[in-house]
Amino acid sequence: MLEQRPGTRTMKFSEIKNHLSSLVDEVSRGEARVVIEKAGIPVAVLISAEDLPRLARMDEQFAERRRVLEAMREPFRDVPEEEIEREVTRAVAEVRAEMRAEREALLS
Numbered sequence: 103m104l105e106q107r108p109g110t111r112t113m114k115f116s117e118i119k120n121h122l123s124s125l126v127d128e129v130s131r132g133e134a135r136v137v138i139e140k141a142g143i144p145v146a147v148l149i150s151a152e153d154l155p156r157l158a159r160m161d162e163q164f165a166e167r168r169r170v171l172e173a174m175r176e177p178f179r180d181v182p183e184e185e186i187e188r189e190v191t192r193a194v195a196e197v198r199a200e201m202r203a204e205r206e207a208l209l210s
């Protein structure tokens, strides 16, 4: 079953001060997330303590994926982008042709 996520609303910093206690209660119950704006610019977010470790895990997963991508890119640093695109297009066409041939062999 899908986990229900709280709705996100945006409030001005000046409004937050007047409603902080009730907002903290809502956020802690998982009923809301609040984007806090100053002069129309988002500057902070009020989230539940439960959301914070999840956010930290997502940050670490993103950083790890970025490290993996950088490691994969490194051997190709000096290869022109056009050559990479050409090779990728060729490889995709080759795999599609193989898959098509396998399907046709199964159907005949």
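The opening position of the sequence shown corresponds to residue 103 in the numbering used here, with each subsequent residue numbered one higher. The beta-carbon is built from N, C-alpha and C at its ideal position, and this holds for glycine as well.
The beta carbon of T112 lies closer than 7 Å to those of V137 and E139 in the same chain, with the five residues before and after it left out. Taking M174 as the centre and dropping the five residues before and after it, the same chain places no C-beta closer than 7 Å to its C-beta. The alpha-carbon separation between E196 and R168 amounts to approximately 28 Å.
The stretch 142-150 makes contact with the stretch 111-128; the number of CB pairs closer than 8 Å reaches 3 or more.
Spanning the alpha carbons of D161 and E152 requires a straight line of approximately 15 Å.
Contact between E133 and P108 is confirmed by a C-beta separation of about 5 Å, below the 8 Å threshold. Taking all protein chains in view, the Cβ of V129 is crowded by 16 or more other Cβ atoms within 10 Å, so the residue is classified as buried.
Rounded to whole angstroms, the separation of the alpha carbons of V190 and E204 is 21 Å. Sequence-distant Cβ neighbours of R135 in its own chain, meaning closer than 6 Å and more than five residues away, are P108, T110 and I149.
Following the DSSP letters along the chain, one finds P144 inside the beta strand (DSSP E) bounded by residues I143 to L148.
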